[in-house]
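96 is the number that full-length UniProt numbering gives to position 96 of the sequence shown; each next residue is one higher, with no gaps.
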Amino acid sequence: MDNWVIQELDSLEIGDIRLEKRIKHLLSTLSHSPSESIPVSCRTWSETKAAYRCFSSDKVTADKIMAPHKEKIIERTQQFERVLVLQDTTELNYSGQKKKQGVGPRRHEAERDLFIHPQLVISESGVCLGIYDDYQWFRKELKTQKQSRKEITNDSLHKKHISEKETGRWIEGYKKSTELANCCPDTQVISVSDREGDIYDLFECAEKKNGIKADWLVRMKCIKRATMNISGYRDNLLLNERVMQICPQQIVEFTLPEGRGQPSRKVQQELRLARLTLHPPTGRRGKLRCSPVTVTVLLAMEINPPENVKPLTWWLMSSVSPDELTEPAQLIQWYLLRWQIEVFFKILKSGCQVEKLQLETFERTRNCLALYLIIAWRILYISSLYKVEPEGTSTLIFEKKEWEYLWILVENTPPPEDIPSIRTSVLMLARLGGYLARKNDSPPGPKSIWSGLMRLMLSINAIEIAKNTYG
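Structure follows, in C-alpha cells:
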C-alpha cells in the first residue's frame, strides 16, 4: 500500500476494520491505473468481487471516505495565509447504461446524467490542496417539459425559494467555504465561482453571516444592476455606467489558457475598480425580500487585441474590499486560478474514466467516485507542485523506491545519491507518459503525468514480482 494513501486516510472510520483496510487498498490499487476499469485494476476475480462488495456495503458511505481527506485539507489550509475554494458543476454521462439508477436527464429525457458540484481548494500560488465537498445530484424529470408557461414564468421571477432550485448549490458551496474558514481562522478563505454563481441570494447570505466567514469572488453575468447612492436611495446610474465613468487604474498582462477551440495567448487589460452598494432585486415578496449588499466591482477590458479576435472583457465582483487588496490586479490573479477546476474535471473524466463506471445504484457510484476524486486530486497536486515548487525535493510526492525506479526507467542509469528535485522527477514521469521535453515545449500537462504514473506503477509491480520470484 502506498505511503500517501496511508497518510491521507489515516483517520478513516467505517466501523469495520476490514472495510477500512479494503478502502485504503482500493485507493492504492485504483491510483496505479486510474484510466483502467475496476476489473483490470484489481486483476483477479476475488479482488474485483471484494471491491464491488465494499462499494455496496451499508457501512460504507462517500462522506465517510472523504472525511479523512477533508481533515488533511484543513491541515494543509492552515499552512497558508489565503486559499481559494473553486466551485463549479460538471455532468457525468451514463447514457449507455439503461439499468443504472441514480441518474437522470439533462436536456432530453433519454439522457442519463449525474451532476457533481465539487469544492476544490487551492493555495494562492496554485497548489491543489484537495476536494472539500462533492455535492452530487440527478434530475428525476425535466420539469420544464411538464410545466405550464405560467409555472415556468413564476420560477423565473424568483417566486420559488432559492433552496428549492438547483442554483441553491452555489449558496451551499459558499457555506462549505465558510465552514472551512471557521476551521482555519488564521487563513482567508475565498469562494470563487463563474457566471452561474452570480446570484444575489449568495451575496446576501454572505453579508448576513456573523463571525468568521468566507469571502467570495464571482464573474458577473448581469452587469446592468441597480445601485444605491450615499443617501440610501436608488441611483440614476446602473452598475456598468458608474464603473465606466472611472479612469483606468492599472494595466495588466497575463497568458490566457487555451480552451473552447481557442489557443493560449497573451492578454493585456486595463482595470477599473469601484466599491458600490447594490440595490436589492425587485419583484420579490414576503420571505424572499432582500437587503442591500456592498461589493467591490472590477472591470477588466482588453486593449490592443489580435486582429479578428474579440476583445476579452471581464466583470468581476467580490466581497473583498479594495483596502484588503495589494492592487486591483489581485482579483484577476485569483480568478485566473479558477481554470484549475476545469483541469480537475478533465483529469476526472479522461484520466480516471469515471463515466465508464458500471455500478448500478447511486450509492455505489458515489462511494466509488469518492476514491476517484482523491485520485484526481493527487494527479493535479503533482502537476501543480511542478509549477509552484519545482526546486522542492521529490520526496513530497514520491517514495524513495518510486523516484529511484523512475530514474532507472527513464535515464537507464543507477539513481543518484542526492534526492532529485520535483522538476526533475515530474519531467521524468511525464517523459514516461509520452512528454517529449523538447526545448520549446510547454510544461507537462496532467495527461502525460497520469500516463506516466500508470507506466511507473506497472513497472514497479513487475520489478517487485520478479524480485520475489527469482530473488
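Backbone N, C-alpha and C define an ideal beta-carbon position, used for all residues, glycine too.
Item checked: Extent of the continuous alpha helix (DSSP H) run through T187 -> In the sequence shown, residue 187 corresponds to position 187, counting from 1. Careful: T187 lies outside any alpha helix (DSSP H) and carries neither H nor E.
Check: Which full runs of the beta strand (DSSP E) of 3+ residues lie inside the segment 194–262, going along the chain?
Finding: The segment 194–262 contains these whole beta strand (DSSP E) runs: 215–219, 226–228, 234–238, 250–256.
Notebook entry, point to check: Is H117 helix, strand or coil when you go by DSSP?
Noted result: Counting from one through the sequence shown, the residue named residue 117 turns up at place 117. Of the three classes helix, strand and coil, the one that applies to H117 here is strand, per DSSP.
Next item on the list: Could you work out which residue in E166, M454, P68 is closest to F115 when comparing CA atoms only?
Entry: Locating residue 115 in the sequence shown gives position 115, counting from the first residue. Minimum Cα distance to F115 is reached at E166.
Check: If we count the other Cβ atoms within 10 Å of its Cβ and call it buried at 16 or more, is S37 buried or exposed?
Finding: If you number the sequence shown from 1, residue 37 lands on position 37. With fewer than 16 Cβ atoms within 10 Å of its Cβ, S37 is classed as exposed.
Note to self: Any contact between the segment 39–49 and the segment 89–103? By contact I mean 3 or more CB pairs, one from each, below 8 Å.
What the structure shows: Contact check between the segment 39–49 and the segment 89–103: fewer than three CB pairs, one atom from each, fall below 8 Å, which does not count as touching.
Item checked: Nearest neighbour of G126, chosen from V85, H279, M228, I65 [CA to CA] -> By 1-based counting over the sequence shown, the position of residue 126 is 126. Of the candidates V85, H279, M228, I65, the one whose C-alpha sits nearest the C-alpha of G126 is V85.
Item checked: Best match in R107, G130, L19 for proximity to S57 [C-alpha to C-alpha] -> By one-based count along the sequence shown, residue 57 stands at place 57. Of R107, G130, L19, the residue nearest in Cα terms is L19.
Next item on the list: Kindly confirm or deny that the segment 238–249 and the segment 297–309 touch, where touching means at least three C-beta pairs closer than 8 Å.
Entry: These segments touch.
Item checked: Boundaries of the alpha helix (DSSP H) in which V378 is found, first to last residue -> Here the question's residue 378 lines up with position 378 in the sequence shown. Looking at the sequence provided, one finds Arg at residue 378 rather than Val. Per DSSP, R378 belongs to the alpha helix (DSSP H) from 362–388.
Note to self: What does the Cβ neighbour count give for E241, buried or exposed, with the cut at 16 atoms within 10 Å?
What the structure shows: Sequence index remark: in the sequence shown, residue 241 carries index 241 (1-based). Exposed: under 16 other Cβ atoms inside 10 Å.
Next item on the list: Would you please state the rounded distance, in angstroms, between the beta carbons of I374 and H32? I believe it to be under 8 Å.
Entry: Counting from 1 along the sequence shown, the entry for residue 374 is found at position 374. Counting from 1 along the sequence shown, the entry for residue 32 is found at position 32. That pair is no contact at about 14 Å.
Check: Counting Cβ pairs closer than 8 Å, one from the segment 207–217 and one from the segment 171–191, do we hit at least three?
Finding: Enough Cβ pairs lie closer than 8 Å, so yes.
Notebook entry, point to check: Can you tell which of P414, D441, P416, G452 has the C-alpha that lies nearest to the C-alpha of R431?
Noted result: The sequence position of residue 431 within the sequence shown is 431, counting from 1. The shortest C-alpha separation from R431 is found at G452.
Check: Where does S11 fall in DSSP's three states?
Finding: Your numbering for residue 11 matches position 11 in the sequence shown. Correct three-state label for S11: coil.
Check: Is the segment 397–412 close to the segment 453–460, with three or more CB pairs under 8 Å?
Finding: yes
Notebook entry, point to check: Nearest CA to the CA of N412: which residue from M428, L298, S11?
Noted result: On the sequence shown, position 412 is the one that residue 412 refers to. Of the candidates M428, L298, S11, the one whose C-alpha sits nearest the C-alpha of N412 is M428.
Notebook entry, point to check: In the DSSP assignment, what are the bridge partners of G104?
Noted result: As a first step, residue 104 must be located in the sequence shown, where it is residue number 104. For G104, which the question treats as bridged, DSSP gives the partners D113.
Check: How would you call A376, buried or exposed, if buried means at least 16 neighbouring beta carbons within 10 angstroms?
Finding: Here residue 376 refers to the residue found at position 376 when the sequence shown is read from its first residue. With 16 or more other Cβ atoms within 10 Å, it is buried.
Next item on the list: Tell me whether the beta-carbon of L239 lies closer than 8 Å to the beta-carbon of R225.
Entry: To locate residue 239, count along the sequence shown from 1; it is residue 239. To locate residue 225, count along the sequence shown from 1; it is residue 225. Cβ distance < 8 Å, so L239 and R225 count as in contact.
Next item on the list: Would you kindly work out how many angstroms separate the C-alpha atoms of Y335 and T44, rounded to a whole number?
Entry: Walking along the sequence shown from the start, residue 335 turns up at place 335. Walking along the sequence shown from the start, residue 44 turns up at place 44. So the two alpha carbons sit approximately 46 Å from each other.
Check: How would you label H279, buried or exposed, when you count the other beta carbons within 10 angstroms and need 16 or more for buried?
Finding: Indexing the sequence shown from 1 puts residue 279 at position 279. Answer is buried; the Cβ neighbour count reaches 16.
Next item on the list: Name, in chain order, the residues that DSSP records as bridge partners for T277.
Entry: Start at 1 with the first residue of the sequence shown, and residue 277 comes out as number 277. Answer is T294, bridged to T277.
Next item on the list: Give me the Cβ distance between Y135 and H117, rounded to the nearest whole Å; I'm assuming they're in contact under 8 Å.
Entry: Numbered from its first residue, the sequence shown carries residue 135 at position 135. Numbered from its first residue, the sequence shown carries residue 117 at position 117. That belief holds up - the Cβ atoms of Y135 and H117 are roughly 4 Å apart, short of 8 Å.
Item checked: Straight-line gap, L273 to I73 (C-alpha atoms, nearest Å) -> Start at 1 with the first residue of the sequence shown, and residue 273 comes out as number 273. Start at 1 with the first residue of the sequence shown, and residue 73 comes out as number 73. Going by the C-alpha atoms only, they are around 33 Å apart.
Notebook entry, point to check: Do you know how far the Cα of T29 is from the Cα of R455?
Noted result: Along the sequence shown, read from residue 1 onward, the residue named residue 455 stands at position 455. Along the sequence shown, read from residue 1 onward, the residue named residue 29 stands at position 29. R455 and T29: Cα-Cα distance of roughly 13 Å.
Next item on the list: Going by CA-CA distance only, name the one from W450, E172, I23, D198 that's closest to K346.
Entry: What you label residue 346 is simply residue 346 of the sequence shown in a count that begins at 1. Minimum Cα distance to K346 is reached at W450.
Next item on the list: Quick one: residues in its chain with C-beta nearer than 7 Å to the C-beta of G286, no 5 flanking neighbours on either side, listed in chain order?
Entry: Position 286 of the sequence shown, counted from the first residue, corresponds to residue 286. Reliability of the predicted coordinates at G286 is poor, the pLDDT of 42 falling under 50, and the value obtained from them is presented with this limitation in mind. Here the set comprises nothing.
Check: Nearest to E75 by alpha carbon, out of R169, Q7, R234?
Finding: Within the sequence shown, numbered from 1, the residue matching residue 75 stands at position 75. In terms of CA proximity to E75, Q7 leads the group R169, Q7, R234.
Next item on the list: Count the other C-beta atoms from every protein chain shown that fall within 10 angstroms of the C-beta of V40, then say buried if there are 16 or more, exposed otherwise.
Entry: The residue given as residue 40 occupies position 40 in the sequence shown. Under this definition V40 is an exposed residue.
Notebook entry, point to check: beta strand (DSSP E) containing G130: first to last residue?
Noted result: Walking along the sequence shown from the start, residue 130 turns up at place 130. G130 -> beta strand (DSSP E) spans 128–137.
Item checked: Same chain only: Cβ atoms within 6 Å of A370, ignoring 5 sequence neighbours per side -> By 1-based counting over the sequence shown, the position of residue 370 is 370. Counting only Cβ-Cβ distances below 6 Å, and skipping sequence neighbours, we find A62, I65, M66.
Check: Is P292 closer than 8 Å to S383 when the C-beta atoms are compared?
Finding: Looking up residue 383 in the sequence shown gives position 383. Looking up residue 292 in the sequence shown gives position 292. No, they are not a contact pair.
Margin query: At a threshold of 7 Å, does I422 count as lining the ligand NAD (C-beta to nearest heavy atom)?
Written below: As far as ligands go, the structure on display features none, and thus does not contain the ligand NAD.
Item checked: Nearest-angstrom Cβ-Cβ length linking D201 and I171, presumed shorter than 8 Å -> Stepping through the sequence shown from its first residue, residue 201 is reached at position 201. Stepping through the sequence shown from its first residue, residue 171 is reached at position 171. 6 Å between Cβ atoms; contact.
Next item on the list: Look at S35 and G232 and say whether their C-beta atoms are less than 8 Å apart.
Entry: For the purposes of this step, residue 35 is identified with residue 35 of the sequence shown, where counting begins at 1. For the purposes of this step, residue 232 is identified with residue 232 of the sequence shown, where counting begins at 1. No; because the gap between Cβ atoms is not below 8 Å, this pair is not in contact.
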